[in-house]
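Taking it in order: structure first as structure tokens, then the write-up.
Residue numbers (my numbering): 179 to 429.
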């Protein structure tokens, strides 16, 4: 048998928001590539279930990315770390007039400050052997999307943070950002339920129709890209913003 393509054998990875959606798909993908994966999530029960499904290469870890105490507790449970995937995040719908301060602050807390806190906490481990960080951003951080004021602002900050980390640690760390378009995840389902409960299928069809390929992205497609960016084959990727949106921002 030949070597596994984009192998991560012997590597240790931690994925925030790892128990659902893109995070869960990423945990499965990295474990399948040979990495030992820490499935870090606020929902420990769901993380434990995924760890059982993923096999011996996965460990569930309770993590509230907005809590310094929770992050410190997680750091104590991780002795070695080669890969950090910052995937945890929340969304919000509204232009600036319909974005209250508390909504804006919550988006920044979860989508930006938490990435700073988690990255800073695990940085010393990652710097030991030129680790890799992949931040999950969004095309909303690259182009203007109606009624996504707070969300787009937060994802734009993640793009800037990615580039800055790459600039500050060019030989000690690789830091890249994936900017997905609309992906078929529980995140999208919760958006439809919260804002369009009475016309979910109609809005889902409209969202899908806006995609040039005529479909939403799959979590597994994002996960495969995470795997590649963390692999030795992607060694020259650093400070890159990799768009995967089915052509949405190209037309």
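Every residue, glycine too, gets a C-beta built ideally from N, C-alpha and C.
**Request:** Please list, in chain order, all residues of the same chain as residue 350 whose beta carbon is under 7 Å from its beta carbon, the five residues on each side excluded.
**Result:** 305 and 308
**Beta-carbon gap between residue 264 and residue 313 smaller than 8 Å** = yes
**Bridge-paired residues (DSSP) for residue 354** = 312
**Prompt:** If you draw a straight line from the alpha carbon of residue 416 to that of residue 360, how long is it in whole angstroms?
**Reply:** 24 Å
**Request:** State the CB to CB distance for the pair residue 398 and residue 422, rounded to an integer number of angstroms; the pair is presumed to be in contact (CB under 8 Å).
**Result:** The pair is not a contact, with the Cβ atoms about 12 Å apart (cut-off 8 Å).
**Request:** Return helix, strand or coil for residue 188, following the three-state DSSP convention.
**Result:** coil
**Prompt:** Taking Cβ to Cβ, would you say residue 292 is nearer than 8 Å to residue 266?
**Reply:** yes
**Request:** Buried or exposed for residue 250, please, with buried defined as at least 16 other CB atoms from any protein chain shown within 10 angstroms of its CB.
**Result:** exposed
**Request:** Return the first residue and the last residue of the alpha helix (DSSP H) that residue 251 is part of.
**Result:** 246-254
**Message:** Can you check which of these residues, 207, 203 and 196, is closest to residue 223 by C-alpha distance?
**Reply:** 196
**Request:** Compare the C-alpha of residue 206 against each of 408, 385, 310 and 402 and name the closest.
**Result:** 402
**Message:** Which residue marks the beginning of the beta strand (DSSP E) containing residue 216, and which one marks its end?
**Reply:** 214-219
**Message:** Classify residue 375: buried if its beta carbon has 16 or more other beta carbons within 10 angstroms, exposed otherwise.
**Reply:** exposed
**Asked** Mind checking whether residue 216 and residue 253 have CB atoms under 8 Å apart?
**Response** no
**Request:** Measure the C-alpha to C-alpha separation of residue 340 and residue 261 and round it to an integer number of angstroms.
**Result:** 14 Å
**Request:** Would you mind reading off the limits of the alpha helix (DSSP H) that contains residue 228?
**Result:** 222-232
**Prompt:** In terms of residue numbering, what span does the beta strand (DSSP E) encompassing residue 422 cover?
**Reply:** 419-422
**Asked** Cα-Cα, which of 404, 410 and 429 is closest to residue 419?
**Response** 404
**Asked** Hey, how far is the Cα of residue 273 from the Cα of residue 284?
**Response** 15 Å
**Message:** Applying the 10 Å Cβ sphere with the 16-neighbour rule, what's the burial state of residue 189?
**Reply:** buried
**Request:** Confirm, please, whether the CB-CB distance from residue 331 to residue 288 is below 8 Å.
**Result:** no
**Prompt:** Helix or strand or just coil, what does DSSP make of residue 263?
**Reply:** strand
**Request:** Please name the residue or residues paired with residue 193 in a DSSP beta bridge.
**Result:** 217 and 263
**Message:** Taking 7 Å as the limit between beta carbons, can you name the residues of its chain near residue 323, skipping five residues before and five after?
**Reply:** 330
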